[in-house]
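Read the sequence shown against this note's numbering and you will find it ends at 527, with the numbers running on by one and no gaps.
Heads up, the beta-carbon is just placed ideally off N, CA and C, and yes, glycines get one too.
Working notes, beginning with the structure itself.
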Amino acid sequence: MRKEIKSVNAMPSKRLYQSIIADYNTELAICELIDNSIDLWTKGGKKYLLKIAIHLDTAQQCIKVVDTAGGLKESDVKLIIAPGHTSNSASNETIGVFGVGSKRAVVALAQEIKIRTRYKKERTLLIEYSDEWLEKENWDLNYHLDSTDIEPNSTIIELTKLRSVIDDSLEKDMIEHTGAIYAKLLSNPNLELQINGIKVVPIQFDQAWSFPPNYAPQEIIFDTPINDTEVIKVRLLGGLIAKSEVGQGDYGVYFYCNDRMVLRADKSFTLGFYTGGAGLPHPDINTLRVFVYLHGNPERMPWTSSKSSINFQNKVFLGIRDRILQLVFYFARLARKFANNADENIYQYTSGTIDKVELKPNDTVKLYPLPTPQKQASYQAIVKEKNKKVAESKPWVIGLYEGIILADELFNSNFSNKNRFALIITDSTFEIAIKEFLVHVVAKKPPVIGSARLTAILLTRTQVEAEVKRHLGSKISARDWVLLDHYYKMRCNLIHQVAILEVKDSDIEKHRRLVEKVLSIMFRLQF
1 MRKEIKSVNA
11 MPSKRLYQSI
21 IADYNTELAI
31 CELIDNSIDL
41 WTKGGKKYLL
51 KIAIHLDTAQ
61 QCIKVVDTAG
71 GLKESDVKLI
81 IAPGHTSNSA
91 SNETIGVFGV
101 GSKRAVVALA
111 QEIKIRTRYK
121 KERTLLIEYS
131 DEWLEKENWD
141 LNYHLDSTDI
151 EPNSTIIELT
161 KLRSVIDDSL
171 EKDMIEHTGA
181 IYAKLLSNPN
191 LELQINGIKV
201 VPIQFDQAWS
211 FPPNYAPQEI
221 IFDTPINDTE
231 VIKVRLLGGL
241 IAKSEVGQGD
251 YGVYFYCNDR
261 MVLRADKSFT
271 LGFYTGGAGL
281 PHPDINTLRV
291 FVYLHGNPER
301 MPWTSSKSSI
311 NFQNKVFLGI
321 RDRILQLVFY
331 FARLARKFAN
341 NADENIYQYT
351 SGTIDKVELK
361 PNDTVKLYPL
371 PTPQKQASYQ
381 AIVKEKNKKV
391 AESKPWVIGL
401 YEGIILADEL
411 FNSNFSNKNR
421 FALIITDSTF
431 EIAIKEFLVH
441 VVAKKPPVIG
451 SARLTAILLT
461 RTQVEAEVKR
471 HLGSKISARD
481 WVLLDHYYKM
491 RCNLIHQVAI
501 LEVKDSDIEK
511 HRRLVEKVLS
521 IMFRLQF
């Protein structure tokens with residue numbers, strides 16, 4: 001038999017407040033206070049108009065949060081201050097459940113906290129505390145009847161001596177942040193959120209889709225069991241988004257728990273973005289979006305206590321991960337196969353119907369087979385096709401565009417000295433081109449250049465350039481001729497001098513564009 005010696009007092013130290021200050025930024029902490037107001041409204045059935053007003057005073061460096069969520073009864077005052085105490089229950093699809101969010105949020109934001117709350121038409125209660133109270137181990141906190149009543153069913157939280165300086169940019173950031181986080185909830189006409197008097201508008205990410213034939217967005221609905229009597233309702237939605245929605249960084253996986261966004265455009269390894277899965281994040285898959293919507297007991301949700309991320313070890317997440325990955329892999333691969341011509345393959349299909357399927361626990365999801373990828377034509381094939389007709393009547397131009405093709409292949413090769421080779425090939429192609437132009441175009445127009453004089457001109461590049469310049473006039477600018485001579489000298493230095501010359505990628509690209517331009521002028525070649 002175990003012998004009881006004595007009991008210990010397990011009441012937590014107030015240091016737990018201090019330890020969380022560094023874990024919160026201003027946006028995250030303000031959202032905790034918004035969550036708290038929304039939860040009271042949710043427990044009331046969302047039947048009345050909830051107004052939440054956030055006031056950010058950069059001049060006085062203070063924050064005020066006003067809501068009409070109903071206020072707190074005197075018997076519930078403890079809920080404001082005591083960590084772990086909450087009136088939320090598993091039967092309500094609330095946001096908060098841990099009983100710590102709003103408590104730690106106010107401490108993270110400010111050194112001095114003043115809370116006024118009025119339940120119905122009862123007297124207004126006033127609760128005040130500061131860092132001085134936090135430094136004491138005693139948890140007792142006095143509250144008062146305020147001398148002036150606030151509006152019935154409302155609460156006002158005033159935060160002063162902020163721990164972090166707030167500036168004018170916070171207003172814009174908060175409007176965008178809360179518009180995205182609370183978009184689903186703000187779609188309810190009984191919820192109104194304002195930041196400095198500006199109404200927050202819902203920012204939705206799942207409203208505009210593309211509908212390529214046979215590859216429409218897919219919606220999967222099922223329940224994931226928690227125990228014999230409890231389930232979490234799951235809805236997955238994935239597809240390729242409309243062109244208007246494509247933005248840098250906005251593709252990936254989104255999580256909503258009880259209509260609150262928890263994760264936005266995640267592209268982590270755990271959600272499939274790795275080689276062999278969806279692939280590493282890349283612009284080729286920026287049309288991909290997959291949404292996860294969960295409803296049920298907030299205690300079972302896979303969110304972290306701050307609702308700013310997903311706990312990837314959570315039982316519910318692990319139970320649905322395979323189905324999430326199935327959508328991520330499928331639409332990532334589809335996006336990549338269509339990426340070379342997204343306008344034609346994806347974006348032109350602006351209307352259609354989302355495919356919807358409701359599953360039983362052991363059902364599997366069958367997706368459309370992926371399209372057979374079309375082999376992209378090589379640069380060599382494209383250039384040859386573009387110049388096919390010119391080559392038939394002027395066979396001497398074949399070597400010219402093939403010179404550009406060869407320079408391109410060298411430039412994109414793995415040779416350590418590829419830029420040197422590409423420069424030599426490109427400039428040699430240009431030199432041959434002006435000689436071909438002199439022989440096949442200039443020499444055949446009056447006044448005809450005699451064969452003896454033509455042979456003498458062809459002996460030096462300088463004389464060939466002079467004759468070509470005289471014939472083309474302003475079609476090639478003086479600036480372009482200077483650049484062409486510059487790259488000719490670089491080529492000569494590479495061939496005739498011992499000194500090592502670095503040839504940059506930018507030199508190769510600029511030189512090639514210039515030679516392509518000249519070939520287009522002289523022979524109407526296309527690249």
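Give the DSSP bridge partners of residue i, in chain order.
i	result
Arg260	Cys257
Gly239	Arg289
Tyr129	Ile113
Arg118	Ser154
Phe222	Val234
Ile159	Residue identity check: residue 159 is Leu in the sequence provided, not Ile. Looking at the DSSP assignment, Leu159 forms a beta bridge with Ile63, Ile113.
Lys199	Gln194
Gly319	BP columns for Gly319 are empty, so no partner.
Gly252	Arg289
His496	Looking at the DSSP assignment, His496 forms no beta bridge with any residue, so it has no partner.
Tyr143	Ile127
Trp303	Ile310
Trp209	Ile241
Return helix, strand or coil for residue i, following the three-state DSSP convention.
i	result
Phe331	helix
Ser308	coil
Asp266	strand
Gly473	helix
His486	helix
His282	coil
Tyr401	helix
Asn88	With a pLDDT of 46 at Asn88, under the threshold of 50, the modelled position of this residue cannot be trusted; read the value that follows with caution. Here Asn88 sits in coil by DSSP.
Gly179	helix
Gly99	Reliability fails at Gly99, whose pLDDT of 40 lies under 50, so the model's placement of it is uncertain and no value is given.
Leu271	helix
Leu294	strand
Glu27	helix
Asn414	coil
Asp408	helix
Looking only at C-alpha atoms, which of the options sits nearest to residue i?
i	options	result
Ala342	Ser244, Tyr256, Leu186	Ser244
Ala108	Thr94, Thr160, Lys73, Asp228	Thr160
His511	Glu158, Asp485, Arg524, Leu494	Asp485
Val383	Ser520, Ala332, Lys184	Ser520
Gly319	Leu367, Ile156, Gly249, Asn227	Asn227
Gly277	Thr58, Ile232, Ile324	Ile324
Tyr119	Val518, Trp209, Lys73, Gly450	Lys73
Ser75	Trp41, Thr58, Glu122, Cys62	Glu122
Ile157	Ile127, Asp168, Thr455, Ile175	Ile127
Pro189	Tyr48, Phe312, Ser268	Tyr48
His282	Leu423, Gly247, Asn311, Tyr24	Gly247
Ser309	Ser351, Ala332, His295, Val262	Val262
Ala477	Lys517, Leu454, Thr462	Contrary to the premise, residue 477 reads as Ser rather than Ala in this sequence. Measuring from the Cα of Ser477, the nearest candidate turns out to be Lys517.
Glu509	Phe331, Phe211, Leu423, Ser210	Leu423
Ala265	Lys199, Ala180, Pro212, Val231	Ala180
Leu494	Leu125, Phe421, Asp168	Phe421
Leu191	Tyr254, Asn25, His177, Lys46	Lys46
Leu141	Ser147, Arg260, Glu151, Ser130	Ser130
Phe329	Val290, Ser428, Ser351, Arg479	Val290
Ile38	Tyr401, Asp67, Leu28	Asp67
Ile198	Met174, Phe273, Lys386	Met174
Thr455	Val439, Val200, Asp206, Asp355	Val439
Phe255	Phe317, Val231, Glu299	Phe317
Leu458	Glu436, Arg470, Ser474, Val441	Glu436
Leu410	Pro395, Lys394, Glu431, Gln380	Gln380
Thr460	Glu431, Gly272, Gly450	Glu431
Asn314	Phe211, Gln326, Thr224, Thr124	Thr224
Ala335	Gln194, Gly238, Lys64	Gly238
Ile63	Leu185, His496, Leu162	Leu162
So, at 6 Å on beta carbons, what are the nonlocal neighbours of residue i in its own chain, with the 5 sequence-adjacent residues on each side left out?
i	result
Ile434	Val464, Val468
Asp250	Ala265
Phe339	Rather than Phe, the amino acid found at residue 339 in this sequence is Ala. Only Asp284 meet the Cβ criterion.
Confirm the yes/no value for this check: CB of residue i, any heavy atom of the ligand GDP, distance under 7 Å.
i	result
Ala391	Among the ligands in the structure shown, none appear at all, so the ligand GDP cannot be discussed.
Please go through the same chain and pick out, in chain order, the residues whose beta-carbon is closer than 8 Å to the beta-carbon of residue i, but skip the five residues on each side of it.
i	result
Ala208	Ile241, Ala242, Ser244, Glu245
Pro373	Reliability fails at Pro373, whose pLDDT of 49 lies under 50, so the model's placement of it is uncertain and no value is given.
Leu472	Ile521, Met522
Asn196	Ile54, His55, Leu56, Glu171
Ile404	Val383, Thr426, Thr429, Arg512, Val515, Glu516, Leu519, Phe527
Worksheet item: What beta strand (DSSP E) runs, 3 residues minimum, are completely inside the segment 338-377?
Response: 355-358
Practice prompt. With a floor of 4 residues, list each alpha helix (DSSP H) that falls wholly inside the segment 32-86, ordered by position along the chain.
Written response: 78-81
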